[in-house]
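In my numbering, the protein residues as written are 1 to 160.
Glycine included, every Cβ here is placed at the ideal spot set by N, Cα and C.
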């Protein structure tokens, strides 16, 4: 049975669907089985538009600085801690981590990196169930984690 479960969250209610299923899984385990849950949110740094620097250069988008990202990271960490409350009331150890991806990696790559970093036994993710053109346009983070990650993935399909 898993001892460390990674749950990536995107900030949406649909994304939180996996939390309920992980809670049921943990409840089904024996009391001696200790499980640690890691909640993760990957942030892409927003940019600010700098209007025409000169007649030669056009508009430029610059990522926010670390200092400018602090309130955004704090808000994301507050969200994760709020999402963790119910599990914590059940006695589950929950760690929350916010990653700011400045490398241009996909969220899936950051999730796989976190999977390795915490030595997760299981990744539990919600999927929005996109298919067809919308999946092609937006991609599927869950599919990428399933294909490229090393650990088993519990996929929870959200109701549409």
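{"Item": "Are there three or more Cβ pairs, one per stretch, closer than 8 Å when the stretch 141-149 is compared with the stretch 28-41?", "Value": "no"}
{"Item": "Following a CB-centred definition, is residue 44 positioned closer than 7 Å to any heavy atom of the ligand SAM?", "Value": "With respect to small molecules bound, the structure shown includes none, and the ligand SAM cannot be examined in it."}
{"Item": "Can you say whether residue 115 is buried or exposed, counting buried as having 16 or more other CB atoms within 10 angstroms of its CB?", "Value": "buried"}
{"Item": "Consult DSSP for residue 44 and reduce its assignment to one of helix, strand or coil.", "Value": "coil"}
{"Item": "With a threshold of 7 Å on Cβ separation, who are the neighbours of residue 83 within its own chain once the five nearest residues in sequence on each side are excluded?", "Value": "9, 16, 19, 39"}
{"Item": "What does DSSP give as the partner residue(s) for residue 81 in the beta ladder?", "Value": "Looking at the DSSP assignment, residue 81 forms no beta bridge with any residue, so it has no partner."}
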